[in-house]
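Just below is one structure, and these are the notes that go with it.
Number of protein chains: 2
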Amino acid sequence: MKNVKIEKKILSENEKISIQNSFCFAQNNILCLNMISSPGSGKTTLLARTINELKNKTRIGVIEGDIQTDIDAQRIKETGAPVIQINTEGACHLSAEQISRGIKLLPIDTLDLIIIENVGNLVCPSAFELGESGKVVVLSVAEGDDKPAKYPSIFAKAKAMIINKIDLIEHVDFDIEKAKKDATILNKDLKIFPLSAKTGQGMDQWNKWILEQISNYQKQE
Amino acid sequence: MKNVKIEKKILSENEKISIQNSFCFAQNNILCLNMISSPGSGKTTLLARTINELKNKTRIGVIEGDIQTDIDAQRIKETGAPVIQINTEGACHLSAEQISRGIKLLPIDTLDLIIIENVGNLVCPSAFELGESGKVVVLSVAEGDDKPAKYPSIFAKAKAMIINKIDLIEHVDFDIEKAKKDATILNKDLKIFPLSAKTGQGMDQWNKWILEQISNYQKQE
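Heads up: the protein sequence lines correspond to chains A and B, in order.
If you count the first sequence from 1, position 104 lands on 423 in my numbering, and the numbers rise without skipping.
If you count the second sequence from 1, position 86 lands on 405 in my numbering, and the numbers rise without skipping.
Below, the structure is given as structure tokens:
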């Protein structure tokens, strides 16, 4: 009798649904980015500014994840972009199942990009695939330049890293080169964008990268 | 036949060990505080300053929780206080079992207070009791005044709330009264200390509160 080696990856329920989500995004030609950071890094301000600055160039929808409240969805609504608020009611990250329900409530045949704003948490969300094409980690200069070394998982997995609130750089101890270096040790392909979503400084490079990502995704067959 | 109602709380393994930890603290007459916040709120800077300012008044030991690195323990070591670094290797919060091991490595017969600096995460650590007498939540003004409403659990459970980095208040949009009001709705007994661990402004009230907490704890029999 021969031994037959069977290799089969056992997928979690979350992984299965995340794969279904990624099929849904592909069928509708929509790039999806999963934005992850600590609470208060400025994700919502960045999102609102990005939507406003790219209004005539691409069509963006948003899925807002929060433990409680619809404060963030209300802020995105002011830009005119379609937005869905998901409340996790205590859970520390969004799940693929929540995104699956969120997609159904968005006008997906009118969108080029969906940005998911995950629950503010630099740890847990990085472990849960949602079906996105890439993760974007946001770090504000007020949080300190030691965060890539101390919270490596999300920096290792992200496609892009925003260093936000550079308008505060003179008032805090944050060495941009150190943060860049530590993050690049974890992830040599990481694109890094120092910017201020409040003043607009540095937004151009980030906006350009987003448009390139959408264009590259939509070219794939 | 009579119906007999049996009420028995099923304790998790973490809860069981947290109760053992609290017995250990009581036996040794040591107050224990569990400090919780987002990454980068300034917990370590606050701890180092508190230890230095109270050096001649009380004896403080520290348990540092981080996913990776011993950066924070090194910073505490400079104050001369005994410190233990625990690396959770990916886990998003400290467990009672990790604290139980940490206590054994500290010179507990020489201490009045142990401060646990939890993993930077405003969500998960609030759900895991470690045997502490109280939780302290730290929020920096750079994170925004909407955090008590958006992340209610820790603000509802904490004994004290530090509003840190008030030296940045002119440069950010943070309404201290709004943050206080939202936190107090969740927790009417919450003590709130706006301060700057960097400049020292407001430290007196916080230091006074700590000494009172130690004194009240040590008076209990």
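Every residue, glycine too, gets a C-beta built ideally from N, C-alpha and C.
Self-check item: N437 of chain A and L365 of chain A closer than 9 Å at C-beta
Solution: For the purposes of this step, residue 437 of chain A is taken as the residue at position 118 of the first sequence. For the purposes of this step, residue 365 of chain A is taken as the residue at position 46 of the first sequence. No, these two residues do not count as a Cβ contact at 9 Å.
Quiz item: Going along the chain, which residues of its own chain have a beta-carbon closer than 8 Å to the beta-carbon of V460 of chain A, five neighbours each way excluded?
Solution: The sequence position of residue 460 of chain A within the first sequence is 141, counting from 1. Cβ within range, chain order: I482, N483, K484, I485, L487, I488, V491, F493 and I495.
Quiz item: Thinking C-alpha only, which one of A:K507, A:T377 and A:V381 is nearest S534 of chain A?
Solution: The residue you call residue 534 of chain A lines up with position 215 of the first sequence. Of the listed residues, the one whose Cα sits closest to S534 of chain A is A:T377.
Self-check item: In chain order, each beta strand (DSSP E) run of at least 3 residues that lies wholly inside the segment 333 to 406 of chain A
Solution: 350 to 356, 379 to 385 and 402 to 406
Exercise. Report the partner residues of P513 of chain A according to the DSSP bridge assignment.
Key: The sequence position of residue 513 of chain A within the first sequence is 194, counting from 1. For P513 of chain A, which the question treats as bridged, DSSP gives the partners A:I482.
Quiz item: Roughly how many whole angstroms lie between the Cα atoms of N440 of chain A and I355 of chain A?
Solution: The residue labelled residue 440 of chain A in the question sits at position 121 within the first sequence. The residue labelled residue 355 of chain A in the question sits at position 36 within the first sequence. Looking at the two C-alpha atoms, the distance is approximately 7 Å.
Practice problem: In angstroms with no decimal places, state the Cα-to-Cα distance between E372 of chain A and M522 of chain A. | Solution: Here residue 372 of chain A is taken as the residue at index 53 of the first sequence, counted from 1. Here residue 522 of chain A is taken as the residue at index 203 of the first sequence, counted from 1. If I take the Cα positions, the gap works out to 9 Å.
Quiz item: Which one of B:Q339, B:K510, B:N347 and B:I336 has the shortest CA to CA distance from Q539 of chain B?
Solution: Walking along the second sequence from the start, residue 539 of chain B turns up at place 220. When each option's Cα is compared against that of Q539 of chain B, the closest is B:N347.
Quiz item: Rounded to a whole number of angstroms, what is the C-alpha to C-alpha distance between S472 of chain B and S445 of chain B?
Solution: Counted from its first residue, the second sequence places residue 472 of chain B at position 153. Counted from its first residue, the second sequence places residue 445 of chain B at position 126. Roughly 7 Å separates the two Cα atoms.
Quiz item: Under a three-way DSSP split, which group does K454 of chain B fall into?
Solution: Here residue 454 of chain B is taken as the residue at index 135 of the second sequence, counted from 1. Strand.
Quiz item: Between the segment 391 to 410 of chain B and the segment 506 to 513 of chain B, are three or more C-beta pairs nearer than 8 Å?
Solution: no
Quiz item: To which residues of the same chain is I329 of chain B closer than 7 Å at the C-beta, ignoring the five residues directly before and after it?
Solution: Taking the first residue of the second sequence as position 1, residue 329 of chain B is located at position 10. None.
Practice problem: Going by CA-CA distance only, name the one from A:L413, A:Q417 and A:I433 that's closest to I529 of chain A. | Solution: As a working mapping, residue 529 of chain A is identified with position 210 in the first sequence. Answer by Cα proximity: A:I433.
Exercise. Using a Cβ cut-off of 9 Å (strictly closer), state whether N440 of chain A contacts chain B.
Key: Here the question's residue 440 of chain A lines up with position 121 in the first sequence. Judged by the 9 Å Cβ criterion, N440 of chain A is in contact with chain B.
Quiz item: Can you give the beta carbon distance from A516 of chain B to G361 of chain B, rounded, assuming they're within the 8 Å contact cut?
Solution: For the purposes of this step, residue 516 of chain B is taken as residue 197 along the second sequence, with counting starting at 1. For the purposes of this step, residue 361 of chain B is taken as residue 42 along the second sequence, with counting starting at 1. Their Cβ separation, rounded to whole angstroms, is 5 Å, which keeps A516 of chain B and G361 of chain B in contact under 8 Å.
Practice problem: Give a yes or no on whether the C-beta atoms belonging to Q387 of chain A and Y470 of chain B are separated by under 9 Å. | Solution: To locate residue 387 of chain A, count along the first sequence from 1; it is residue 68. To locate residue 470 of chain B, count along the second sequence from 1; it is residue 151. Cβ distance < 9 Å, so Q387 of chain A and Y470 of chain B count as in contact.
Practice problem: Label D385 of chain B either buried or exposed according to how many other C-beta atoms from any shown protein chain fall within 10 Å of its C-beta, with 16 as the threshold for buried. | Solution: For the purposes of this step, residue 385 of chain B is taken as residue 66 along the second sequence, with counting starting at 1. D385 of chain B is buried by the Cβ-count criterion.
Self-check item: C-alpha gap between M480 of chain A and D389 of chain A, whole angstroms
Solution: Counting from 1 along the first sequence, the entry for residue 480 of chain A is found at position 161. Counting from 1 along the first sequence, the entry for residue 389 of chain A is found at position 70. When rounded, the distance between both Cα atoms is 26 Å.
Self-check item: Closer than 9 Å to chain A by CB, I435 of chain B
Solution: The residue labelled residue 435 of chain B in the question sits at position 116 within the second sequence. False, the Cβ-Cβ gap to chain A never drops below 9 Å.
Quiz item: G399 of chain B: buried (16+ other C-beta within 10 angstroms of its C-beta) or exposed?
Solution: Stepping through the second sequence from its first residue, residue 399 of chain B is reached at position 80. Its Cβ having fewer than 16 others within 10 Å, G399 of chain B is exposed.
Quiz item: What's the C-alpha gap between A415 of chain A and I370 of chain B?
Solution: By one-based count along the first sequence, residue 415 of chain A stands at place 96. By one-based count along the second sequence, residue 370 of chain B stands at place 51. Computed Cα separation, rounded: 44 Å.
Quiz item: Looking at the unbroken beta strand (DSSP E) that takes in L432 of chain B, where does it start and where does it end?
Solution: The sequence position of residue 432 of chain B within the second sequence is 113, counting from 1. Segment L432 to E436, the beta strand (DSSP E) holding L432 of chain B.
Exercise. Go through its chain and collect everything with a Cβ distance to K497 of chain A's Cβ below 7 Å, but skip five positions before and after it.
Key: Walking along the first sequence from the start, residue 497 of chain A turns up at place 178. D464, listed in sequence order.
Quiz item: Based on the DSSP secondary-structure assignment, which residues constitute the bridge partners of S459 of chain A?
Solution: Locating residue 459 of chain A in the first sequence gives position 140, counting from the first residue. Paired residue(s): A:N483.
Quiz item: Does the beta-carbon of Q532 of chain B have 16 or more other beta-carbons within 10 angstroms, so that it is buried, or is it exposed?
Solution: Position 213 of the second sequence, counted from the first residue, corresponds to residue 532 of chain B. Looking at its Cβ environment, which holds 16 or more other Cβ atoms inside 10 Å, Q532 of chain B is buried.
Quiz item: Is DSSP giving N506 of chain A helix, strand or coil here?
Solution: For this step, residue 506 of chain A is matched to residue 187 along the first sequence. Looking at N506 of chain A - three-state DSSP - the assignment turns out to be coil, as it is neither helix nor strand.
Quiz item: How close, in whole Å, do the beta carbons of L413 of chain A and I435 of chain A come, if the pair is a contact with beta carbons under 8 Å?
Solution: Within the first sequence, numbered from 1, the residue matching residue 413 of chain A stands at position 94. Within the first sequence, numbered from 1, the residue matching residue 435 of chain A stands at position 116. Contact flag correct, Cβ pair sits at about 7 Å.
Exercise. Would you please verify whether the beta carbon of K500 of chain B is less than 9 Å from any beta carbon of chain A?
Key: The residue given as residue 500 of chain B occupies position 181 in the second sequence. Chain A, which has no Cβ nearer than 9 Å to the Cβ of K500 of chain B, makes this no.
Practice problem: Note down, in chain order, each residue of its chain lying with its Cβ closer than 8 Å to the Cβ of A502 of chain A, except the 5 sequence neighbours on either side. | Solution: The residue you call residue 502 of chain A lines up with position 183 of the first sequence. The answer, listed in chain order, is P467, F474, M480, L509 and I511.
Quiz item: If you count every other CB in all the chains shown that lies within 10 Å of the CB of P426 of chain A, and 16 or more means buried, which is it?
Solution: On the first sequence, residue 426 of chain A is found 107 positions in, with the first residue counted as 1. It is exposed - the Cβ of P426 of chain A has fewer than 16 other Cβ atoms within 10 Å.
Quiz item: Using the beta-carbon of each residue, which ones in chain B are nearer than 9 Å to K466 of chain A?
Solution: Position 147 of the first sequence holds residue 466 of chain A. Neighbours of K466 of chain A on chain B, chain order: P358, G359 and G439.
Quiz item: What's the call for F344 of chain B, buried or exposed, on a 16-neighbour Cβ count within 10 Å?
Solution: The residue given as residue 344 of chain B occupies position 25 in the second sequence. Buried.
Self-check item: D431 of chain B to I338 of chain B span [Cα, whole Å]
Solution: To locate residue 431 of chain B, count along the second sequence from 1; it is residue 112. To locate residue 338 of chain B, count along the second sequence from 1; it is residue 19. Whole-angstrom Cα-Cα distance: 19 Å.
Self-check item: Option nearest E397 of chain A by Cα separation, candidates A:G421, A:C411 and A:K374
Solution: Here residue 397 of chain A refers to the residue found at position 78 of the first sequence. Per the Cα distances, A:K374.
Quiz item: Shorter than 9 Å from the beta carbon of D486 of chain A to some beta carbon of chain B?
Solution: The count along the first sequence starts at 1 and reaches residue 486 of chain A at position 167. Yes - at least one Cβ of chain B is within 9 Å of the one on D486 of chain A.
Quiz item: How is the alpha helix (DSSP H) around G409 of chain B delimited, first residue to last?
Solution: Working through the second sequence from its first residue, we reach residue 409 of chain B at position 90. Looking at the DSSP string, G409 of chain B is not in any alpha helix (DSSP H), and its letter there is neither H nor E.
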